[in-house]
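Comments concern the structure below.
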Amino acid sequence: MDAQPRPAPPPPSPRSPPPGGPLGPDTGDVLQQIMAITDQSLEEAQARKHALNCHRMKPALFSVLCEIKEKTALSIRGVPEEGLPDARLTRLDNMLLAEGVSRPEKRGRGAAAAAGTATPGGCPNGNGLEHSDYRAKLSQIRQIYHSELEKYEQACHEFTTHVTNLLREQSRMRPVLPEEMERMVGVIHSKFSAIQMQLKQSTCEAVMTLRSRLLDARRKRRNFSKQATEVLNEYFYSHLSNPYPSEEVKQELARKGGITVSQVSNWFGNKRIRYKKNMGKFQEEASIYTASTVADTTKVWGPRSQASCPSTASSGSSGHFPLTSARDALITLRTLASPRPAPGGGSLWSQSRGSWQGTTPPVSTSPPAGYPSGANSHASH
DNA sequence: ATTTATGATTAGAA
DNA sequence: TTCTAATCATAAAT
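Using the working numbering, the first residue of the first sequence is number 718, and each one after it goes up by one.
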């Protein structure tokens, strides 16, 4: 704390003249000088400080400085404290909080990483696949954000301590009011918070970009893989009488097809409505899938791991529910073969959900959809 | 370039 | 909440 009572070395000269000559020295020389000077000047400064401290006129000087300060203090005080970026900052804070950046990473990083193979039993929200990328990047952003924030905090603290020490030391030579130090600290903090706000802003920007990219990706439609369509159609035509897969079945189908549960739901929604709208268009497809499920066992059914969901694992293939399968196949065959699918044939259709297709199709354009002899009608295409 | 197929989104009903 | 029905927007086919 005290200036070290070190034997003051004879002050060589405040500044050695540039040795380069009349023309300016190059930067290397300047650098060298600076490097050389620092050591010396440190000691020199210490010595000077000590000398000044011990100067007999010091108290007088101090009081004079006090007087001067008294006069100027008023004008200093009038500085308007900036409270402007407060609203902006809180807005950014809220956004970051809402976006989950400020949140302390609630879940352990186990679920998202294992998105490739087996979906854990939890994860009721099936959007994991689409969101995994998003989540990973968000986590990255969050990590960077927090580390930077911490760095700033630390730097701010260090700098504040430094300045405080400096002021304390200076207070021996000149009057330093405690509130002045406070003000100084406040200034430093405001500066650093400005930097923090910049960080927050850019973080927000990154998150928004990421999010918009995700939305764009969602808007872009990618057709499902062959495998996915296969699995979905398989189930659909195997359960034509009641094509409403349960939640478990949906999960299973999603797993098999490499899509999400919501995608499975979407697909079944679309399929039902479109099938109903004109069945004729789908007869070919229906015959393909029903035939394949009944006869062709080598289609896609290679070594399938049926580890999970043992109960209702796609009864279509191995006739686990022979009754249902047979009936559905019959229905399909019948709609395929008969010139007319029994106008009053709702008895067969109305199974568990009370005749899905109950409402009469609203008169599709050309062939009234009730004539599913599709294969032939395609000739006039 | 136009049409069709298809995944996603939306409003509203049960 | 899920499901239907309509609709949007884009991929694929013509």
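Where is the CB? At the ideal position from N, CA and C, for every residue including glycine.
Flag this pair as yes or no: are the beta carbons of valine 818 and valine 924 separated by less than 8 Å?
-> yes
Segments of 4+ residues assigned as alpha helix (DSSP H) that fall wholly inside the region 899-935 | none
Where does the unbroken alpha helix (DSSP H) through serine 942 begin, and where does it stop?
-> That residue, serine 942, is in no alpha helix (DSSP H); it is neither H nor E in DSSP.
Terminal residues of the continuous alpha helix (DSSP H) containing phenylalanine 985?
-> 978-994
On a CA-only basis, which of Ser958, Val880, Glu922 and Arg991 is nearest methionine 812? Give me that one, please.
-> Glu922
Smallest Cα separation from phenylalanine 953: which of Ile858, Asn983 and Thr789?
-> Asn983
Alpha-carbon to alpha-carbon, isoleucine 912 and threonine 877 | 15 Å
Counting pairs of beta carbons, one from the region 952-967 and one from the region 989-1006, are three or more of them closer than 8 Å?
-> yes
Does the count of Cβ pairs from the region 882-896 and the region 775-784 closer than 8 Å reach three?
-> yes
Touching by the beta-carbon criterion (3+ pairs, under 8 Å), the region 877-886 and the region 898-906 = yes
Does the Cβ of glutamate 870 have 16 or more other Cβ atoms within 10 Å, making it buried, or fewer, making it exposed?
-> exposed
Quick one: using the 10 Å Cβ neighbour count with 16 as the cut-off for buried, is alanine 945 buried or exposed?
-> buried
Secondary structure of serine 955, DSSP reduced to three states | helix
Contacting residues, own chain, Cβ-Cβ under 7 Å from glycine 1062 (five flanking each side not counted) | In this prediction, glycine 1062 scores a pLDDT of 37, lower than 50, which makes its location untrustworthy; no coordinate-derived value is stated.
Cβ-Cβ separation, leucine 809 to glutamine 968 (assumed contact under 8 Å), whole Å = Contact doesn't hold; Cβ gap of about 39 Å is too wide.
Going by beta carbon distance, what residues of the same chain come within less than 6 Å of glutamine 857, once the five residues before and after it are set aside?
-> none
Could you check the C-alpha separation between glutamate 787 and glutamate 867 for me, to the nearest Å?
-> 39 Å
Whose CA, out of Ala1003, Arg900, Pro776 and Arg885, lies closest to the CA of serine 958?
-> Ala1003
Check each candidate in Ser942, Gln887 and Arg805 and name the one with the smallest Cα separation from leucine 769.
-> Gln887
Using CA coordinates, which residue listed in Ala971, Glu896 and Thr920 is at the minimum distance from isoleucine 861?
-> Thr920
Cβ of leucine 927 within 8 Å of Cβ of leucine 855?
-> yes
Segment limits, alpha helix (DSSP H) that includes glutamine 750 = 744-771
In this structure, does DSSP put serine 819 in helix, strand or coil?
-> coil
Compare the beta carbon distance of glycine 974 and phenylalanine 941 with 8 Å and say whether it is the shorter of the two.
-> yes
If you compare alpha carbons, which of Met914, Ala971, Thr977 and Arg930 is closest to glutamate 804?
-> The identity of residue 804 in the sequence shown is alanine, whereas the question assumes glutamate. If we check each option's Cα against that of alanine 804, Met914 comes out closest.
From Glu875, Glu965, Glu865 and Arg939, pick the residue whose C-alpha is nearest to that of leucine 916; which is it?
-> Glu865
Just reading off the alpha helix (DSSP H) that glutamine 968 is part of, what are its end residues?
-> 964-974
Three-way DSSP call (helix, strand, coil) for leucine 782 in this model | helix
Given lysine 943 as reference, the closest of Ile976, Met898 and Glu964 once Cα atoms are compared = Ile976
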